[in-house]
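A quick write-up on the structure given underneath.
Protein chains: 2
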Amino acid sequence: MRKKIAVDMDNVLVDIEKHFIDWYEKEYGLRIEQEKLLGVPEEEGFPDKEAVKRFLYTPGFFRTAPIMNGAIKAMEILCKKFDIYIVSAAMEFPQSLIEKVEWLKEHFPAISWKNIVLCGDKSVIHCDYLIDDHIKNLDFFRGQPLLFSASHNIHHTHHKRLNNWEEVLNYFESI
Amino acid sequence: MRKKIAVDMDNVLVDIEKHFIDWYEKEYGLRIEQEKLLGVPEEEGFPDKEAVKRFLYTPGFFRTAPIMNGAIKAMEILCKKFDIYIVSAAMEFPQSLIEKVEWLKEHFPAISWKNIVLCGDKSVIHCDYLIDDHIKNLDFFRGQPLLFSASHNIHHTHHKRLNNWEEVLNYFESI
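Those protein sequences? They're chains A and B, same order as listed. The opening position of the first sequence corresponds to residue 1377 in this note's numbering, with each subsequent residue numbered one higher. The opening position of the second sequence corresponds to residue 1377 in this note's numbering, with each subsequent residue numbered one higher.
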């Protein structure tokens, strides 16, 4: 039986960190260096601490986000051997629901609607693997948790870390 | 640790069958008796076999659906002892995503966004119980499947059947 991989969207398929930096620059005229975001929650890396939260509730924010480097090629390869489920904690931002579905349809048209899960708390998700940037999602996961590197999570050490999509592919080739 | 109950929306929290009958009457001037829907897939119980599918894609259909009898009181009682997750296979109808969230917010305001899951295939959901009207969701469920009666499922016998919310309450009081 094919194993199931749950794949997070923001900071995994979606380069939401770059999108925060771009939107911040567009609105405030100030480009924040990525180093400022290292080891702190995303909203705290920016001079205006309210900006990130506001972006998250702004229509169009999720729909226009860029794709994470290497994600398209890696997903094409993984799809051949695994059942991939996209699992995004989108429920806090209801306007994002349709935007996330449309974003996936545009950038990952091979993913069926059957394999998309938009939720709040991910503790009720059961797959064999979860690739996610948030410890809160990985800590209670029943399968193998895989921490996808993002600036905010660089100090966490208690999960298997994969720094980018190339490392994800290497991991799944090695198991 | 509190046990988790996954609760389906259509035909469980939402009286979608009544809504189909009401919309059909409004559009075609013909009220279909519920007996016509017994033991057949929902779309086949109506003279125009395309009507149900069309309603499912019509903006406003899910948002205006009536609540299932007894659901509000039963959910209030169950919430005290169990963690309730609303799990709806909404992804086939993307326009329904925001409508379902808004419907829940109106009729079940106590349910947190953290406890809402909108998905395609429910096989990746893990809770202790699933209350659902569809065999396809219950057959692959890892916990205890509970079949909520709907006209289309009356001939199925291989899951524990609960005919209405009163029987749901009795079941959870008895275990």
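We put the beta carbon where it would ideally sit given N, CA and C, even for glycine.
- Query: When the Cα atoms are used, what is the spatial distance from B:Lys1394 to B:His1531?
  - Reply: 20 Å
- Message: According to DSSP, is A:Phe1484 part of a helix, a strand, or is it coil?
- Response: coil
- heavy atom of the ligand GTP below 7 Å from B:Ile1392 C-beta: The model on display carries no ligand, and the ligand GTP is accordingly not part of it.
- Message: Contact criterion: CB-CB distance below 8 Å. Does A:Ser1488 meet it with respect to chain B?
- Response: For A:Ser1488, the answer is yes, since a Cβ of chain B falls inside 8 Å of its Cβ.
- Query: Where A:Val1463 and B:Lys1476 are concerned, what is the direct C-alpha to C-alpha distance, given to the nearest angstrom?
  - Reply: 18 Å
- Which bits of chain B does A:Val1390 rub up against, with CB to CB less than 9 Å? Ordered by position in chain B, no residue passes the 9 Å Cβ test against A:Val1390, which lies about 18 Å from the chain.
- In whole angstroms, what is the alpha-carbon distance linking A:Asp1386 and B:Ile1408? 46 Å
- Task: Determine the direct distance from the alpha carbon of B:Met1451 to that of B:Leu1389, and round the result to whole angstroms.
- Result: 9 Å
- B:Arg1537 vs B:Leu1523 beta-carbon contact at 8 Å: yes
- Task: Give me the Cα-Cα distance between A:Leu1432 and A:Lys1425, rounded to the nearest whole angstrom.
- Result: 13 Å
- Identify each residue in the stretch 1495–1507 of chain A for which the Cβ-Cβ distance to at least one residue of chain D is less than 7 Å, and report them in chain order. Note that chain D does not occur in the displayed structure, where the protein chains are A and B.
- Quick one: Cα of A:Ala1441 to Cα of A:Tyr1400, how far? Inter-residue distance for A:Ala1441 and A:Tyr1400 is about 13 Å (C-alpha atoms, whole angstroms).
- Could I get the ranges of all uninterrupted beta strand (DSSP E) runs contained in the stretch 1460–1504 of chain A, with 3 residues as the minimum, in chain order? 1492–1494
- Please report how far the alpha carbon of A:Cys1455 lies from the alpha carbon of A:Thr1533, in whole angstroms. Rounded to the nearest angstrom, the two C-alpha atoms are 28 Å apart.
- Query: Nearest-angstrom Cα distance between B:Ser1488 and A:Tyr1547?
  - Reply: 36 Å
- Query: Is the Cβ of A:Glu1381 closer than 8 Å to any Cβ of chain B?
  - Reply: Here residue 1381 of chain A is Ile; the residue named in the question, Glu, does not match the sequence. Not one beta carbon of chain B lies nearer than 8 Å to the beta carbon of A:Ile1381.
- Query: Does the Cβ of A:Ile1492 have 16 or more other Cβ atoms within 10 Å, making it buried, or fewer, making it exposed?
  - Reply: buried
- Query: Hey, how far is the Cα of B:Asn1539 from the Cα of B:Ser1525?
  - Reply: 5 Å
- Task: Measure how close the beta-carbons of A:Leu1473 and A:Leu1506 come, nearest whole angstrom, since I'm counting them as under 8 Å.
- Result: Their Cβ separation, rounded to whole angstroms, is 21 Å, which puts A:Leu1473 and A:Leu1506 out of contact at 8 Å.
- Got a sec, what are the start and stop residues for the alpha helix (DSSP H) A:Val1383 sits in? From DSSP, A:Val1383 is part of no alpha helix (DSSP H) but of the beta strand (DSSP E) over 1380–1383.
- Query: DSSP state of B:Thr1512, grouped into three classes?
  - Reply: In the sequence as displayed, the identity of residue 1512 of chain B is Lys instead of Thr. Helix, per DSSP.
- Message: I'd like to know if B:Leu1522 contacts chain A, where contact means its C-beta is closer than 8 Å to some C-beta of that chain.
- Response: no
- Beta carbon proximity, A:Met1377 to chain B, threshold 8 Å: no
- Limits of the unbroken alpha helix (DSSP H) element including B:Lys1548: The sequence shown places Phe at residue 1548 of chain B, rather than the Lys named in the question. That run of the alpha helix (DSSP H) goes 1541–1550.
- Message: Residues of the stretch 1457–1472 of chain B in Cβ contact with chain A at a cutoff of 8 Å, in chain order, please.
- Response: Under the 8 Å Cβ criterion, the stretch 1457–1472 of chain B contributes Tyr1461, Val1463, Met1467, Glu1468, Pro1470, Gln1471.
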